[in-house]
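**Student:**
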Amino acid sequence: MEEVKQIVNDIRNGNISPIYFLMGDEPYYIDKIAQFISDNILTEEEKGFNQMVLYGKETSLEQVLANAKRYPMMSEKQVVIVKEAQHLSRNIEELSSYAVNPQTSTVLVFCYKYKKLDKRKKLHKTLLGNGSVIFDSKKLYENQVSDWIRLTLKQKGYAISHKASVLLVEYLGTDLSRINNELEKLQLVLPKNTEINPDLIEKHIGISKDYNNFELKKAIGEKNIVKATRIINYFAQNPKDNPFVVTVSLLHNFFTQLLQYHGLSDHSPKNVASALRINPYFVGEFQIASKNYPMKRVSNIIAYLREMDLKGKGVGAYNISQADLLKELLVKII
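Numbering-wise, the numbering used here comes out as the position in the sequence shown, counting from 1, plus 9.
1. How big is the Cα-Cα spacing for Thr256 and Asn222?
2. Our contact map puts Gly230 next to Glu294 with C-beta atoms below 8 Å; I'd like the distance itself, whole angstroms only.
3. To the nearest angstrom, how far is it from the Cα of Lys194 to the Cα of Asp145?
4. Reducing DSSP to helix, strand and coil, say where Thr349 ends up.
5. Which residue marks the beginning of the beta strand (DSSP E) containing Ser146, and which one marks its end?
6. Measuring CA to CA, which of Tyr80, Val91, Val340, Met82 is closest to Ala237?
7. If you reduce the DSSP assignment to three classes, tell me which class Lys165 lands in.
8. Cβ of Ser141 within 8 Å of Cβ of Ser26?
9. With a threshold of 7 Å on Cβ separation, who are the neighbours of Met82 within its own chain once the five nearest residues in sequence on each side are excluded?
10. Could you tell me how far apart the beta carbons of Ser299 and Tyr270 are, in whole angstroms, since I believe they sit closer than 8 Å?
11. At which residue ranges does the region 279-327 contain complete beta strand (DSSP E) runs of 3 or more residues, listed in the order of the chain?
12. So which of Gly182, Leu185, Asn206 has the shortest CA-CA distance to His171?
13. To test your reading of the DSSP string, which unbroken alpha helix (DSSP H) runs of 4 or more residues are found completely within the region 202-227?
14. On the DSSP bridge list, what partners appear for Lys265?
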């Protein structure tokens, strides 16, 4: 992400801001920037007296500001990092009085996850006007995460096949921190210049390359009953690794996108990928599925999936095994 690179480069070049307000829905970049600040502004000798980590659940904004206003000891700077700062949201606007004239010898970092400042209010305007950094960490769309995986691995000297990156996204979702943890595990056991493929994903992470929601979705889209049944049976035998609610959610997303596909006037691959926010790799699946499932049928399936989601959560369905739920799901769709 270019904005992250710019923040990092500025710090490396000595252009350090008095306040870093790191906010938004994607915690990965917030953690990365905070860690970089923690590692690079002070020397190890300076950190003992001049670097402090506070937690929003355990402190107050008044305590944070009291620490920010003190002077460093035997150092030009002190660093105060507030993790879980979203727990201070009730009175975060009171930071405005400090932000008007922040302590120049203090680097104050707020990790304000899953929330954002109101741009209309004083604090946001004050931070923008005094040389502080406001960073909005936005969630990547699912179609962007595969590219993020490839780029991240390339920077570390690895490559990954498209199917392998899709498997990771299907299994781990769009949580970059969780994905990064799995990528780091792979890097520990695989030599550089390795191309990571589905076999390596299955061996070292435990995601089956043949029996997963990605393959189930594809089989259902193709109306391949034999393959879909085989995957469903595998899920029934391994319920902990293949939660029913996750399968239903992914299928619901697929058929919702298929409904959108039917509503498009332009079915060119580029337009479909853009409109559905999917990787162009998947456009062919929607082309095939649209022939097997007309629009009215897709609408009915979405209704069935909502019903099955409730059953999977125990609403109106008592003592029904996951195996029976999966079989019912397949019968209602195909």
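Glycine residues also receive a C-beta, built at the ideal position from the N, C-alpha and C atoms. Predicted, not measured: the structure shown is a model, and the values here were computed from it.
**Tutor:** Considering the structure as presented:
1. Straight-line measurement puts the Cα of Asn222 at about 6 Å from the Cα of Thr256.
2. Right, their Cβ atoms sit about 5 Å apart.
3. Distance between the alpha carbons of Lys194 and Asp145: 28 Å.
4. In the structure as shown, the chain begins at 10 and stops at 343. Residue 349 is therefore absent and cannot be evaluated.
5. In this chain, the beta strand (DSSP E) harbouring Ser146 covers 142-146.
6. Proximity to Ala237 across Tyr80, Val91, Val340, Met82 peaks at Val340, based on C-alpha coordinates.
7. Correct three-state label for Lys165: coil.
8. Cβ distance < 8 Å, so Ser141 and Ser26 count as in contact.
9. The residues Phe58, Asn59, in chain order, have a CB closer than 7 Å to that of Met82 in the same chain once the five nearest residues on each side in sequence are set aside.
10. With 8 Å as the limit, Ser299 and Tyr270 qualify as a contact, their Cβ atoms being about 6 Å apart.
11. Here no run is fully enclosed.
12. Nearest C-alpha to His171 among Gly182, Leu185, Asn206: Asn206.
13. Correct list: 207-213.
14. Contrary to the premise, residue 265 reads as Thr rather than Lys in this sequence. Bridge partners of Thr265: none, in fact.
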